[in-house]
Amino acid sequence: MDSPGYNCFVDKDKMDAAIQDLGPKELSCTELQELKQLARQGYWAQSHALRGKVYQRLIRDIPCRTVTPDASVYSDIVGKIVGKHSSSCLPLPEFVDNTQVPSYCLNARGEGAVRKILLCIANQFPDISFCPALPAVVALLLHYSIDEAECFEKACRILACNDPGRRLIDQSFLAFESSCMTFGDLVNKYCQAAHKLMVAVSEDVLQVYVDWQRWLFGELPLCYFARVFDVFLVEGYKVLYRVALAILKFFHKVRAGQPLESDSVKQDIRTFVKDIAKTVSPEKLLEKAFAIRLFSRKEIQLLQMANEKALKQKGITVKQKSLYTWPSTQRTSARRSSA
Numbered sequence: 001m002d003s004p005g006y007n008c009f010v011d012k013d014k015m016d017a018a019i020q021d022l023g024p025k026e027l028s029c030t031e032l033q034e035l036k037q038l039a040r041q042g043y044w045a046q047s048h049a050l051r052g053k054v055y056q057r058l059i060r061d062i063p064c065r066t067v068t069p070d071a072s073v074y075s076d077i078v079g080k081i082v083g084k085h086s087s088s089c090l091p092l093p094e095f096v097d098n099t100q101v102p103s104y105c106l107n108a109r110g111e112g113a114v115r116k117i118l119l120c121i122a123n124q125f126p127d128i129s130f131c132p133a134l135p136a137v138v139a140l141l142l143h144y145s146i147d148e149a150e151c152f153e154k155a156c157r158i159l160a161c162n163d164p165g166r167r168l169i170d171q172s173f174l175a176f177e178s179s180c181m182t183f184g185d186l187v188n189k190y191c192q193a194a195h196k197l198m199v200a201v202s203e204d205v206l207q208v209y210v211d212w213q214r215w216l217f218g219e220l221p222l223c224y225f226a227r228v229f230d231v232f233l234v235e236g237y238k239v240l241y242r243v244a245l246a247i248l249k250f251f252h253k254v255r256a257g258q259p260l261e262s263d264s265v266k267q268d269i270r271t272f273v274k275d276i277a278k279t280v281s282p283e284k285l286l287e288k289a290f291a292i293r294l295f296s297r298k299e300i301q302l303l304q305m306a307n308e309k310a311l312k313q314k315g316i317t318v319k320q321k322s323l324y325t326w327p328s329t330q331r332t333s334a335r336r337s338s339a
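Just so it is clear: in the sequence shown, position 87 is 87 by the numbering used here, and no numbers are missing.
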């Protein structure tokens with residue numbers, strides 16, 4: 001790796017501009033509560049090398065199912081799966097649902113590597129049916145991995161988490177759709193002013209909230225997304241709800257009183273998130289996120305389960321590809337499960 005620890009997939013100039021590196025630090029704490037505080041404070045955010053080490057440690061400690069693909073599996077299968085195709089021309093797995101791969105600070109080689117890794121993940125996880133957040137996760141992890149195989153292993157461990165009390169990334173349409181409903185419930189309770197605005201300007205407010213994961217996994221600039229991911233690896237899925245709620249609060253604060261059109265509100269929020277540095281720092285975003293007195297993890301889990309049950313009762317468990325593309329401007333549509 002070149003100083004200050006960048007691998008061959010990273011554009012050094014872009015990375016230097018995106019995240020200031022203040023050199024190596026050490027992390028010796030083992031207590032979860034202290035680790036939470038350090039993650040929220042951004043202790044390893046300005047040390048590229050330390051963030052890589054912390055990701056390695058936190059992901060290594062994720063409880064996974066017995067047979068979880070590792071780096072050696074990637075080395076064995078990548079040649080067979082990719083073949084002689086140029087990595088930049090490789091198709092993306094169907095489960096990413098046409099989501100664009102965010103480049104962040106990756107160079108062309110890095111962008112191609114993300115496609116290779118995603119295809120190998122698809123090969124090893126046939127049960128994943130809908131996971132549009134994965135390209136952003138793999139792209140981020142690649143900035144902080146030694147090589148493609150290590151990045152693949154990290155992503156696989158996140159996907160293979162088998163702790164029933166620890167939710168990480170949605171891997172089915174049912175889980176994704178219920179998370180959108182849950183986010184809408186949380187907005188209604190904790191961001192009432194923003195919710196009223198969304199209801200007033202939207203024909204279908206759920207079509208605004210269906211974008212909530214895209215704000216985090218794709219639209220947020222790297223230095224913001226990495227800070228969110230730092231805390232996510234320590235605290236889990238609830239962090240994602242917190243940050244998305246904070247984004248909506250800031251959006252409402254900035255846009256309140258300005259005209260919003262129903263056909264542009266989704267794009268307005270996406271643009272706001274892309275340009276969020278004009279409004280708020282990563283520190284202020286996280287500060288706002290953790291100032292929200294949110295439901296407990298257990299209460300959110302029960303809410304999510306209730307929403308999943310409601311979707312199942314309606315027969316909405318699988319996306320209808322021709323009509324539903326995440327995230328799209330069209331109305332969400334799903335077909336009845338044949339089950």
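Think of the CB as a built atom: it goes at the ideal place given N, C-alpha and C, for glycine as much as any other residue.
Leucine 90 sits in coil when the DSSP states are folded into three classes, being neither helix nor strand.
Lysine 278 counts as exposed, since fewer than 16 other C-beta atoms from the protein chains shown sit within 10 angstroms of its C-beta. For the alpha helix (DSSP H) assignment, the uninterrupted runs of no fewer than 4 residues enclosed by the stretch 254-314 are, from N- to C-terminal side, 265-274, 282-291, 297-313.
Shown here, valine 318 sits in a strand according to DSSP, grouped into three states. The DSSP assignment places complete alpha helix (DSSP H) segments of no fewer than 4 residues inside the stretch 30-72 at 32-41, 48-60, in order along the chain. Less than 8 Å divides the Cβ of methionine 15 from the Cβ of cysteine 105. Under the DSSP definition of a beta bridge, leucine 106 partners with Val10. Taking every protein chain shown into account, the CB of glutamine 207 has 16 or more other CB atoms within 10 angstroms, so this residue is buried.
Of all alpha-carbon atoms in Met305, Leu216, Asn123, Ser264, the one lying nearest the alpha-carbon of arginine 242 is that of Leu216. Among the bridge pairs identified by DSSP, cysteine 120 is matched with none. A distance below 7 Å between beta-carbons, with the five flanking residues on each side excluded, links aspartate 21 to the following residues of its chain, in chain order: Pro4, Gln46, Ser47, His48. At a Cβ-Cβ threshold of 8 Å, arginine 157 and isoleucine 59 count as neighbours. As for any beta strand (DSSP E) of minimum length 3 sitting wholly inside the stretch 181-214, there is none. Look at cysteine 151 here: in three-state DSSP terms it is helix. For valine 234, the enclosing alpha helix (DSSP H) begins and ends at 222-235. Closest by C-alpha distance to isoleucine 169, out of Phe229, Ile19, Leu248, is Phe229. Classified as exposed, asparagine 162 has fewer than 16 neighbouring CB atoms from the shown chains inside 10 Å of its CB. Here the alpha carbon of phenylalanine 225 sits roughly 9 Å from the alpha carbon of alanine 136. In this structure, valine 234 lies away from leucine 50, with their beta-carbon atoms at least 8 Å apart.
Non-local C-beta neighbours of isoleucine 62 in its own chain, meaning closer than 6 Å and more than five positions away in sequence, comprise Arg157, Cys161, ordered along the chain. The C-alpha of lysine 116 is placed about 11 Å away from the C-alpha of alanine 139. Taking a cut-off of 8 Å for Cβ pairs, the stretch 302-309 and the stretch 175-186 touch, as three or more such pairs fall below it. Distances from the alpha-carbon of valine 101 to those of Tyr237, Val201, Glu219, Leu311 put Glu219 closest.
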